[in-house]
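S.K.:
In this note's numbering, the protein residues as written are 1 to 265.
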């Protein structure tokens with residue numbers, strides 16, 4: 001991995017490979033300052049994941065639309081970019097294993113690693129939905145309109161769950177917020193059971209088996225996204241409360257970040 005000392009990237013620019021931005025103006029050994037930088041990158045990662053999910057669902061709803069290829073490409077780029085983010089952010093966090101860490105900081109690092117993995121898994125699942133949509137177009141598999149209408153609120157609920165998590169990424173969830181996350185996840189599971197039951201009934205009534213299997217597959221991928229989001233919520237709950245760091249960042253003297261591979265200035 002190469003760490004470049006560059007300003008934060010434009011969060012909407014996914015062209016080119018991901019480069020982890022690490023500021024040079026940090027106090028030596030101030031791990032918490034680096035962790036805040038990582039958390040801001042994770043917020044960016046969550047935004048990319050959210051965009052990928054929305055594009056995947058839009059493609060599945062209308063795989064024959066004029067911008068279908070664009071939606072598929074958006075999902076592919078988002079999935080590949082989050083893969084790179086997961087790899088680089090995880091390696092960077094692992095580099096702190098040689099530091100003398102407090103229990104709270106060690107817990108925060110473990111939680112951040114978990115969050116990064118769960119977000120990457122969410123991006124994978126959303127890209128799988130996009131690939132399924134593309135296959136239905138190429139193989140001319142037509143999903144029943146009733147099935148699509150039943151799926152829509154389920155997909156929206158998962159998208160809202162991801163948004164719920166994204167909006168709290170810089171904070172520690174309290175017990176009330178974590179309970180809300182559990183309730184959303186239970187709602188997703190109830191919806192999943194209802195949708196699978198409906199798919200089986202349609203098959204029994206003579207519906208296209210291939211199309212119904214597609215529906216069941218998509219249900220499963222959105223279920224996984226919900227599971228990943230709950231895992232993120234649990235990891236956020238375990239982290240230390242957010243600290244105000246802006247003043248510290250402005251006042252910190254220059255120092256090199258921890259070494260992870262080679263460093264390019």
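Glycine is no exception: its CB is placed at the ideal position from the N, C-alpha and C atoms. Since the structure is predicted, the reported quantities are computational estimates derived from the model, not experimental observations.
At the level of alpha carbons, what is the spacing between residue 87 and residue 129?
M.R.: Along the chain shown, one-based indexing puts residue 87 at 87. Along the chain shown, one-based indexing puts residue 129 at 129. Near 23 Å, if we compare the C-alpha coordinates of residue 129 and residue 87.
S.K.: Please determine, among 13, 46 and 17, the residue with the shortest C-alpha to C-alpha distance to residue 168.
M.R.: On the chain shown, residue 168 is found 168 positions in, with the first residue counted as 1. Checking every option, the nearest Cα to that of residue 168 belongs to 46.
S.K.: Are the beta-carbon atoms of residue 106 and residue 178 separated by less than 8 Å?
M.R.: Position 106 of the chain shown, counting from 1, holds the residue named residue 106. Position 178 of the chain shown, counting from 1, holds the residue named residue 178. No, Cβ-Cβ distance for residue 106 and residue 178 is not below 8 Å.
S.K.: Tell me whether residue 228, by its Cβ, gets closer than 7 Å to a heavy atom of the ligand GTP.
M.R.: Absence of the ligand GTP is noted for the structure shown, with no ligands found whatsoever.
S.K.: Please confirm whether residue 144 and residue 211 have their CB atoms less than 8 Å apart.
M.R.: Here residue 144 refers to the residue found at position 144 of the chain shown. Here residue 211 refers to the residue found at position 211 of the chain shown. In this structure, residue 211 lies closer than 8 Å to residue 144 by Cβ.
S.K.: From the DSSP output, in three-state form, read off residue 21 for me.
M.R.: Along the chain shown, read from residue 1 onward, the residue named residue 21 stands at position 21. Here residue 21 sits in strand by DSSP.
S.K.: Do you know how far the Cα of residue 48 is from the Cα of residue 24?
M.R.: As a position in the chain shown, residue 24 is number 24, starting the count at 1. As a position in the chain shown, residue 48 is number 48, starting the count at 1. Residue placement at residue 24 is poorly supported in this model, since its pLDDT is 47, which falls under 50; the coordinates still yield a value, given next. Roughly 26 Å between the two C-alpha positions.
S.K.: At 4 residues or longer, and completely inside the region 150 to 195: list those alpha helix (DSSP H) runs for me, N to C.
M.R.: Qualifying alpha helix (DSSP H) stretches: none in this window.
S.K.: Do the CB positions of residue 78 and residue 123 come within less than 8 Å of each other?
M.R.: In the chain shown, counting from the first residue as 1, residue 78 sits at position 78. In the chain shown, counting from the first residue as 1, residue 123 sits at position 123. Yes.
S.K.: Tell me which same chain residues have a C-beta within less than 8 Å of the C-beta of residue 185, skipping the five on either side of it?
M.R.: Locating residue 185 in the chain shown gives position 185, where the first residue counts as 1. Answer for residue 185: 161, 226, 227, 229 and 230, listed in chain order.
S.K.: Let me confirm a value: residue 236 is counted as buried when at least 16 other C-beta atoms fall within 10 Å, else exposed. Which label applies?
M.R.: Residue 236 sits at position 236 when you count from the first residue of the chain shown. Burial call: buried.
S.K.: Which of helix, strand or coil does DSSP assign to residue 236?
M.R.: Within the chain shown, the letter at position 236 stands for residue 236. Helix.
S.K.: Tell me which residues share the same chain as residue 189 and place their Cβ nearer than 8 Å to its Cβ, disregarding the 5 neighbours each side in the sequence.
M.R.: In the chain shown, counting from the first residue as 1, residue 189 sits at position 189. Excluding residues within five positions, the ones whose Cβ falls inside 8 Å are 223 and 226.
S.K.: Report the CB separation of residue 127 from residue 76 in whole angstroms; it is logged as a contact under 8 Å.
M.R.: For the purposes of this step, residue 127 is identified with residue 127 of the chain shown, where counting begins at 1. For the purposes of this step, residue 76 is identified with residue 76 of the chain shown, where counting begins at 1. Residue 127 to residue 76, Cβ: 7 Å. Contact.
S.K.: Considering just the uninterrupted stretch of the alpha helix (DSSP H) at residue 50, what are its terminal residues?
M.R.: Against the chain shown, residue 50 aligns to sequence position 50. 31 to 61 is the span of the alpha helix (DSSP H), which, as asked, contains residue 50.
S.K.: Taking the C-alpha atoms as reference points, what is the distance between residue 17 and residue 172?
M.R.: Position 17 of the chain shown, counted from the first residue, corresponds to residue 17. Position 172 of the chain shown, counted from the first residue, corresponds to residue 172. Going by the C-alpha atoms only, they are around 30 Å apart.
S.K.: Secondary structure at residue 224, three-state DSSP: helix, strand or coil?
M.R.: Residue numbering aside, residue 224 sits at position 224 when the chain shown is read from its first letter. Helix.
S.K.: Could you tell me the distance, in whole angstroms, from the CA atom of residue 201 to the CA atom of residue 215?
M.R.: Position 201 of the chain shown, counted from the first residue, corresponds to residue 201. Position 215 of the chain shown, counted from the first residue, corresponds to residue 215. Taking the straight line joining both Cα atoms gives about 13 Å.
S.K.: Going by C-alpha to C-alpha distance, which of 38, 14 and 19 sits closest to residue 108?
M.R.: Position 108 of the chain shown, counting from 1, holds the residue named residue 108. Considering only alpha carbons, the answer is 38.
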